[in-house]
Each structure stands twice: as C-alpha cells, then as structure tokens.
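Note that the sequence shown covers residues 56 to 212 in the working numbering. Heads up, the beta-carbon is just placed ideally off N, CA and C, and yes, glycines get one too. Source: prediction; values computed, not measured.
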Amino acid sequence: MAAGTEHRFEARVTWPKVAGTSTATTSFARDYALSLNDKPELLGSGPTVFQGNAAGLNPEEMFTASVTACHMLTYLALAAYRKLNVTSYEDHGTALLQKVGPGKLKFTEVVLRPKVRIAAGGDVALAEKLHHDAHEACFVANSVNFPIRVEASIEVG
C-alpha cells in the first residue's frame, strides 16, 4: 500500500432481523442482517454463550477469522513476491476473550497455527521467516493491542 493512501471499508448491520423484535426483555433476539458492499446478506447473531443463534456469524468469530485471514493473505503475498512456491496453507486461529474488569470483556490474545506446504526444493528458512514478516505487515494485527502468537509449521513436497 503506497504511503499516504487510505482505503475505506464498510459494513451495514440491521436489527431486528425479525419484525416485531424488541428489547422489552433481556432474552431479545440477537439475530441481525450483515451486508458487506454488494455481497449477499449474511445472518449475524451473538455467540451462543451470550444467548445468540448458533446459525449466525458472530462478531467474535468474525474477528478471529479476520486476524487469521489477514495473516494468511499477507503471508501468501510475501511468498509470491519472494518467489517461494506455497502449495497449501491451512490455519486454525483461536482468540481468547476474557473478563478484565467489572462488566468488561476484551480479547487478550490470538494464536495462529498455520500449516504451510511449500514445493519440493523450497527454502524452509525463508518460509519460516515470512511468518514473522507477515505478522509485522498484517494491518489487522497492527490494529490490536494484545499479543498475536504465530506457531507455524512448514512441510516440503
């Protein structure tokens, strides 16, 4: 991204998803509609631990996915730039949400566990180093104030 440029991203949420819903009680419906530009509408909800609908995408899962996907896409871009032939990439990112004070929860860490396969003859040391570089360059990772650990494994062939 060139210095001095800015990019704006938008999301639209609409609640209630079901007409007639209100917050008259604490068991109100958590379902909402999520629209991202001109893409198909998605069902969102709170996580089940907060009385949400398990079928809906919740903000906590989407946050975890955002960190995980940003690292992957940054890693793959750096690999392509450095001519490292990555043939597969899989990750199972986890985020920890903890109580940090009365009535206050926050994410306190994310752990990424990417499993990367590179083509035979590929540079394993470079493949490992690119995880550090991807972490430093990932703009989602740069936007949080807690640790993101990367526990990567590299396979060749």
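- Annotation: T149 to T119 spans about 6 angstroms, alpha carbon to alpha carbon.
- The way I'd put it, the segment 92-106 doesn't touch the segment 167-182; fewer than three beta-carbon pairs between them come closer than 8 angstroms.
- Under the 8 angstroms Cβ criterion, the segment 99-107 does not count as touching the segment 138-145, having fewer than three qualifying pairs.
- In this structure, the alpha-carbon of V199 lies about 11 angstroms from that of C193.
- The beta carbon of H62 sits closer than 6 angstroms to none of the beta carbons in its chain outside the five residues before and after it.
- The alpha carbon of Y87 has as its nearest neighbour, out of A74, T80 and I209, the alpha carbon of A74.
- In this structure A182 does not touch H126 by the C-beta definition: roughly 14 angstroms separates them, more than the 8 angstroms allowed.
- Using a Cβ distance threshold of 8 angstroms, I173 and V211 count as a contacting pair.
- Assignment of S198 by DSSP, reduced to helix, strand and coil, places it in the helix class.
- Annotated three-state conformation of V179 is helix, per DSSP.
- The beta carbon of V195 is closer than 6 angstroms to those of S121, V122 and C125 in its chain, skipping five residues each way along the sequence.
- L185 counts as buried, since at least 16 other C-beta atoms from the protein chains shown sit within 10 angstroms of its C-beta.
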